[in-house]
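In what follows, a structure is listed as structure tokens, so that the remarks can point back to it.
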């Protein structure tokens, strides 16, 4: 067995091994600053909080002073190995209630597929934090961790809770200034409250996002308890103003470039059962707006990241097909 | 666009969709008790704490009264869809310092590959908890979260800290009694302290584990600070007794059925740099014992789950190749 032992010892030959064996990761050369972990400040005052090599690329988390939210905001960004030598499409992922940028980064299993397909994925936090607004920590579905991707208009929240402008304007500007993006090849997806965020961001900005999908999105917030609570808090009592952040309302009159919505919904999702999500309303509204939508009802799946991780690959391939066409 | 919309709406047809489109998941029929989420008690007093559908199978967490540890112990088990209709190989994953059963379950990205290959994966907690031993919570690398997969002999710890017997005897008996396993087709792997656990479990039980691998394992605990601290605490001051839990010592005289060790080690792993892991010592000892080993030094990878997730698929395929041969 000695000869077998000698033959099998492959020590300190990792990059050669990877290059020859992992055919789906074509470019593993780590030669420039971009794909190194460094703690230096970048353009736009991005400060690197963490950096870990993963699937030949880098998973980083940055923090920065947000002009929209007037507080420090964190976001994760996965930089695929292809970004070393070429500009890449960008896919924004918006998380759900109570999440930070970490949930997606650690649990969604997206990086493997993003590394294969050469897509940058950006995952922001879900709300401003630590703004010293009275009551901001009192609820799990309002305030901290629950920005709902709207620009608040009520007196108490309007100074900081501007997640809509943050994710559709400030963050893309920062990302395009700091990473080798293709700014015209941008997609957006998300989960639950973040699925709502993805749908409305695409519908309110025709042409900005070429691809869109969602996991168990809140499709019709003006008609569900979560939306009632959040929109009355952030937008006030005039329900008419709420409609500008409701995917069902927005899609009825959508007239921008073609969008194809892909939605996965678990049939064992408690929030689906109690009508917080209402995907059927969105399918109906898409019909009125003549916008294509695929709603896949997934038997026995729930609202968790186990569900998200299961269908993540298919969602990223859905985006890649459009973004790389 | 109306016709396109109608053509694309696929509502409430999930299982049909899955069966025809996800070719790598051959059996998605969920028909018996095994692949349902239920909170009933099972044989051996296993109590289900959580159950989530994932990749066509189920990720469950159980708790039970451990006779070895004399406290409640948790473990995760992923049941692949194939387990519905056939017995499956079992792969045990041992986690590292500070981990519970949750780290592997949520961060390692193993379920996708296990679902494809039809492998049950069992991931236990890393130590007894809440045993009211004075000082058990004082250190992150000793006591709670740091069982080191040994059977303690010192007075203070010997009653509860029996992780070696727990993972190699009590847990396999429970698993074989409750799940459709092939008890002769068993592999073991792990990370860091759990990599040490995997190596010694395989070496001390010739024939019990047919396949073995590790991510950044503590290879030579009798020669590193972590091992010094843990083994003197659990096993006392006679360093001679420590050798029976040291992979480098054990492999020199291994004479059981053939084992091929696969080890991945990040070159940017801080614990590697400060000589807590010492994989080169294991390669050398394998040479003395004439046991085959593959050590892959991975450029720029660290000690985190980002590293583990990156190479998880290749490890599971390494095990499957042997377990399904």
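Protein chains in written order, with full-length UniProt numbering: chain A, 1 to 325; chain B, 1 to 325. Glycine is no exception: its CB is placed at the ideal position from the N, C-alpha and C atoms.
Rounded C-beta distance between residue 282 (chain A) and residue 251 (chain A)? I'm assuming under 8 angstroms. 7 angstroms
Please list the partners that residue 55 (chain B) has in chain A, where partner means a Cβ-to-Cβ separation under 7 angstroms. 310
Element boundaries [alpha helix (DSSP H), containing residue 317 (chain A)]: 305-323
Bridge partner(s) assigned by DSSP for residue 91 (chain A): A:121 and A:187
What residues in its chain sit with their C-beta under 6 angstroms from that of residue 30 (chain A), if we drop five residues either side in the sequence? The pLDDT assigned to residue 30 (chain A) is 36, lower than 50, so where the model puts this residue is not dependable, and the model offers no usable value.
Given a cut-off of 9 angstroms, decide if residue 293 (chain A) and residue 262 (chain A) are closer than it, judged by their beta-carbon atoms. yes
Would you mind stating whether residue 276 (chain B) and residue 225 (chain B) have Cβ atoms separated by less than 9 angstroms? yes
Okay, do the stretch 293-303 of chain A and the stretch 195-206 of chain A touch, 3+ Cβ pairs below 8 angstroms being the bar? no
What did DSSP end up calling residue 228 (chain A) once you bin it into helix, strand or coil? helix
Need the endpoints of the beta strand (DSSP E) that residue 193 (chain A) sits in, please. First-last for residue 193 (chain A): 193-204, but that is the alpha helix (DSSP H), not the beta strand (DSSP E).
Would you say residue 307 (chain B) lies against chain A (beta-carbon separation less than 9 angstroms)? yes
Nearest chain B C-beta to residue 316 (chain A) closer than 9 angstroms, yes or no? no
Using a Cβ-Cβ cutoff of 8 angstroms, what residues of the stretch 84-106 of chain A are near chain B? List them in chain order. 106
Contact between the stretch 53-60 of chain A and the stretch 75-90 of chain A (3+ Cβ pairs under 8 angstroms): yes
When the Cα atoms are used, what is the spatial distance from residue 194 (chain B) to residue 310 (chain B)? 17 angstroms
Residue range of the unbroken alpha helix (DSSP H) whose run includes residue 283 (chain B): 279-289
Taking contact to mean at least 3 C-beta pairs separated by less than 8 angstroms, is the stretch 174-181 of chain B in contact with the stretch 94-112 of chain B? no
Buried or exposed, going by whether 16 or more other CB atoms sit within 10 Å of the CB of residue 317 (chain A)? exposed
Does the stretch 99-112 of chain A come close enough to the stretch 104-112 of chain B that 3 or more CB-CB pairs lie under 8 angstroms? yes
Report the option in B:115, B:70 and B:65 whose CA atom is closest to the CA atom of residue 88 (chain B). B:115
Could one say the Cβ of residue 74 (chain A) lies closer than 9 angstroms to chain B's Cβ atoms, at least one of them? no
Partner residues on chain B for residue 254 (chain A), Cβ-Cβ distance less than 9 angstroms: Those do not exist, as residue 254 (chain A) stays about 10 angstroms from chain B at its closest Cβ, beyond 9 angstroms.
Sort out for me which residues DSSP pairs residue 213 (chain A) with in a bridge. A:189 and A:262
Could you tell me the alpha carbon to alpha carbon distance between residue 161 (chain A) and residue 245 (chain A), rounded to whole angstroms? 14 angstroms
Which residue wins for smallest C-alpha separation from residue 259 (chain A), given the options A:210, A:288, A:241 and A:240? A:210
Just how far apart, CA to CA, sit residue 319 (chain B) and residue 123 (chain B)? 15 angstroms
Between residue 229 (chain A) and the rest of its own chain, which residues show a CB-CB distance below 7 angstroms, the 5 nearest in sequence each way excluded? 141 and 142
Quick check on residue 99 (chain A): does DSSP put it in helix, strand or coil? coil
For residue 240 (chain A) and residue 249 (chain A), the rounded distance between their alpha carbons: 11 angstroms
Name, please, each residue of chain A whose Cβ falls closer than 9 angstroms to the Cβ of residue 301 (chain B). 14, 52, 53 and 54
Answer yes or no: do residue 186 (chain B) and residue 198 (chain B) have a C-beta to C-beta separation smaller than 9 angstroms? no
Any residues in the stretch 109-128 of chain B with a beta carbon nearer than 8 angstroms to a beta carbon of chain A? Which ones, in chain order? 109, 111 and 112
Closer than 7 angstroms by beta-carbon distance: list the chain A residues that pair up with residue 304 (chain B), in chain order. 52
Residues of chain A with CB under 9 angstroms from residue 59 (chain B), in chain order? 306
Can you tell me which of B:166, B:144 and B:137 puts its alpha carbon nearest to the alpha carbon of residue 151 (chain B)? B:166
Please report the straight-line C-alpha distance between residue 101 (chain B) and residue 307 (chain A), rounded to a whole angstrom. 19 angstroms
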